[in-house]
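Asker: Let me begin by handing over the structure; questions about it come next.
Residue numbers (this note's numbering): 25 to 109.
In structure tokens:
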């Protein structure tokens with residue numbers, strides 16, 4: 025049982041997403057590297073040991089550094105990263 029602090033009505037448990045062989049993480053925050061450090065996360069994901077893992081990271085949010093982070097992910101050739109708003 026998961027507590028719902030917003031007291032929303034969920035009549036039945038949500039189904040788990042389809043298993044496509046990847047472990048999926050979400051980074052939910054405003055895209056502001058001075059406060060949140062998403063650039064550090066991208067640099068870590070660029071390391072060989074993280075590139076080789078079945079891992080996908082989705083960034084959710086907006087902010088002053090959105091374009092810079094997207095460009096950084098492209099520069100680092102990260103194929104396991106996506107930016108969603």
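Cβ atoms here follow ideal geometry from the backbone N, Cα and C, with glycine treated the same way.
In this text, all values refer to a predicted model and were calculated from it rather than measured experimentally.
Using a threshold of 7 Å, state whether the C-beta atoms of residue 89 and residue 57 are closer than that.
Answerer: As a first step, residue 89 is located in the chain shown; it is residue number 65 there, counting from the start. As a first step, residue 57 is located in the chain shown; it is residue number 33 there, counting from the start. Yes.
Asker: Taking residue 97 as part of the alpha helix (DSSP H), name the residues at either end of that continuous run.
Answerer: For the purposes of this step, residue 97 is taken as residue 73 along the chain shown, with counting starting at 1. Note, residue 97: alpha helix (DSSP H), 90 to 99.
Asker: Per DSSP, residue 55 forms a beta bridge with which residues?
Answerer: Counting from 1 along the chain shown, the entry for residue 55 is found at position 31. Residue 55 is not bridged to any residue.
Asker: Check each candidate in 54, 85, 47, 32 and name the one with the smallest Cα separation from residue 75.
Answerer: If you number the chain shown from 1, residue 75 lands on position 51. Closest option to residue 75, Cα to Cα, is 47.
Asker: Kindly indicate the opening and closing residues of the alpha helix (DSSP H) around residue 38.
Answerer: For this step, residue 38 is matched to residue 14 along the chain shown. Neither: residue 38 is in no alpha helix (DSSP H) and is coded neither H nor E.
Asker: Quick check: the Cα distance between residue 101 and residue 72, rounded to an integer number of angstroms?
Answerer: Reading the chain shown from its first residue, position 77 is the one you call residue 101. Reading the chain shown from its first residue, position 48 is the one you call residue 72. Those two C-alpha atoms are separated by around 12 Å.
Asker: How would you label residue 99, buried or exposed, when you count the other beta carbons within 10 angstroms and need 16 or more for buried?
Answerer: Locating residue 99 in the chain shown gives position 75, where the first residue counts as 1. Exposed, by the Cβ-count rule.
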